[in-house]
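A.B. asks:
Residue numbers (full-length UniProt numbering): 1 to 379.
1. Return helix, strand or coil for residue 199, following the three-state DSSP convention.
2. Is it true that the segment 28 to 42 meets the segment 254 to 262, where meeting means three or more beta-carbon pairs spaced less than 8 Å apart?
3. Below 8 Å between beta carbons: does that hold for residue 220 and residue 181?
4. Among 104, 78, 186, 335, whose alpha-carbon lies nearest the alpha-carbon of residue 319?
5. Under 8 Å: do the segment 333 to 343 and the segment 149 to 167 share three or more Cβ pairs, one atom per stretch?
6. Within 8 Å, do at least three Cβ pairs link the segment 264 to 284 to the segment 197 to 205?
7. Counting only C-beta atoms, is residue 343 closer than 8 Å to chain E at any point?
8. Could you give the distance in angstroms between the alpha-carbon of residue 169 and the alpha-carbon of residue 91?
9. Quick one: Cα of residue 19 to Cα of residue 302, how far?
10. Assess contact between the segment 304 to 313 and the segment 202 to 211, defined as three or more Cβ pairs (one per stretch) separated by less than 8 Å. Is contact present?
11. Write down the C-beta distance between residue 276 and residue 167 rounded to the nearest angstrom, noting that I regard them as a contact closer than 8 Å.
12. If you measure from the CB of residue 269, is any heavy atom of the ligand ZN nearer than 7 Å?
13. Can you give me the C-alpha to C-alpha distance between residue 236 and residue 17, rounded to a whole angstrom?
14. If we require 3 or more residues per run, which beta strand (DSSP E) segments fall completely within the segment 125 to 175?
15. What residues in its chain sit with their C-beta under 7 Å from that of residue 324, if we drop five residues either side in the sequence?
16. In angstroms, rounded to a whole number, what distance separates the CA positions of residue 309 and residue 31?
17. Could you tell me the alpha carbon to alpha carbon distance between residue 2 and residue 230, rounded to whole angstroms?
18. Mind checking whether residue 171 and residue 128 have CB atoms under 8 Å apart?
19. Quick one: residues in its chain with C-beta nearer than 7 Å to the C-beta of residue 44, no 5 flanking neighbours on either side, listed in chain order?
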C-alpha cells in the first residue's frame with residue numbers, strides 16, 4: 001500500500017482563517033461570520049477567567065498541583081491516542097489524580113510543527129469530553145464569551161428539569177495528544193478556548209471532506225497518514241492548497257462553523273474549554289444533517305418498512321446513531337420558543353423575534369406555531 005505522510009509546511013499557514021482581537025470584534029460582526037458559516041480565531045478572550053488558576057503564572061504551563069487540589073477526586077474520561085476502535089480513540093474512566101500521576105511520568109515526544117505526520121506519540125492519554133461544569137456547577141471556571149451566548153443546545157439541556165447533560169467540555173492533553181479528523185455533533189458550531197498551550201488545527205471547508213474518503217466511503221482517520229491507493233483524491237486537494245492550517249495560541253478561541261471537518265494536535269501541554277452549540281444561524285444546517293442521518297437509518301431499516309412500529313424504530317436508532325432524533329429537535333424548538341415568549345425582555349427585541357420565527361419555520365407542532373404566530377402578530 002502507498003501511504004503518504006503529510007508534513008505541515010510554513011507556506012500552508014497562508015491559507016489561514018480570520019483573526020480578531022476580542023476588543024475589536026463586535027457582536028454584529030460575529031453574527032455576520034455565523035451567517036456566512038465562516039471560521040475565525042479570537043485573541044484576548046480568557047484573560048479574566050477563573051480557569052487561569054489552572055496554570056503556573058510565571059510560565060503559563062499546566063499547574064498540576066492546583067488541578068489535583070481542585071479535581072483530584074473527580075472521575076474523568078480519558079482517550080488513548082495510540083489506539084483506534086470503530087474509527088475513534090477508545091476511552092476509559094480514571095480519577096483525575098490517577099490521570100495527573102500519568103501526566104507527570106509521560107515522556108513528551110519531539111514536536112516539529114512542519115512534520116506532524118512523523119510524531120512518535122508513545123503511550124499518549126488525552127483527557128477529553130469532560131463535563132466539568134455539569135459536575136461542578138458552583139465552580140465558575142469561565143464566562144461564555146458574548147459572541148457564543150445564543151446557545152440553544154445548552155440552554156435546553158441546562159433548563160430541562162430531571163435531566164443531567166450538556167455539551168460543555170474540558171480537554172487536558174499532553175504534548176503530542178490529538179483528535180482525529182471529524183465533524184462536530186449534529187452539524188453544530190463549536191468554540192474552543194485555550195486556557196494554556198498551543199494547538200495546531202487542520203480545517204476543511206464544507207464539502208472538502210469528499211476528497212478524504214476512502215473507496216468504501218469511510219472518512220480518513222488521520223490527514224497526515226493516508227493510503228493514497230484507496231484515497232487518490234487526497235492528492236488533488238493537496239495540490240489545490242490542502243487543508244487550512246491554524247495555530248491557536250494561549251488565550252485564543254477558535255470558532256468552528258457547521259460542517260467544517262477538522263483534526264487537532266496539541267503542540268504543547270494544553271488545557272482547553274469547548275462548547276458545541278447551535279442557534280437560529282445554523283438551525284437549517286442542523287435540520288439538514290438530521291434529515292440526512294434519518295435517511296441513512298431508514299435505508300438500513302428498509303426491511304421493516306411495512307411494520308406498524310417502523311417510525312418508532314427509526315426514532316430509536318436515529319437517536320443512538322446521530323445523538324438526536326426528530327422528537328428531540330422538536331422538544332428543543334418548543335423549549336426555546338416558549339422561553340422567548342415568556343421572556344421579560346422588551347417584546348420587540350430583534351433577537352427574540354428572530355428566534356421565534358426560526359422556531360416556527362422548523363417546528364411541526366401546529367399548536368405551538370399558532371401561538372408563535374399570535375405572539376408575533378401582536379408585536
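Quick reminder that beta carbons are idealized off the backbone N, C-alpha and C, glycines included.
C.D. replies: A quick look at the data gives this:
1. In this structure, residue 199 counts as strand in the three-state DSSP scheme.
2. yes
3. yes
4. When C-alpha distances from residue 319 are compared across 104, 78, 186, 335, the shortest belongs to 186.
5. yes
6. yes
7. Given the protein chain composition of this structure (a single chain), no chain E is represented.
8. 15 Å
9. 47 Å
10. With the cut-off at 8 Å, the segment 304 to 313 and the segment 202 to 211 do not touch.
11. Right, their Cβ atoms sit about 4 Å apart.
12. In terms of ligand content, the structure shown is empty, and the ligand ZN therefore cannot be addressed.
13. 22 Å
14. 125 to 130, 168 to 173
15. 186, 290
16. For residue 309 and residue 31, the distance between alpha carbons rounds to 42 Å.
17. Caution is warranted here: a pLDDT of 45 is assigned to residue 2, below 50, making its placement in the model unreliable, and no coordinate value can be reported.
18. Yes, these two residues count as a Cβ contact at 8 Å.
19. 21, 22, 23, 251
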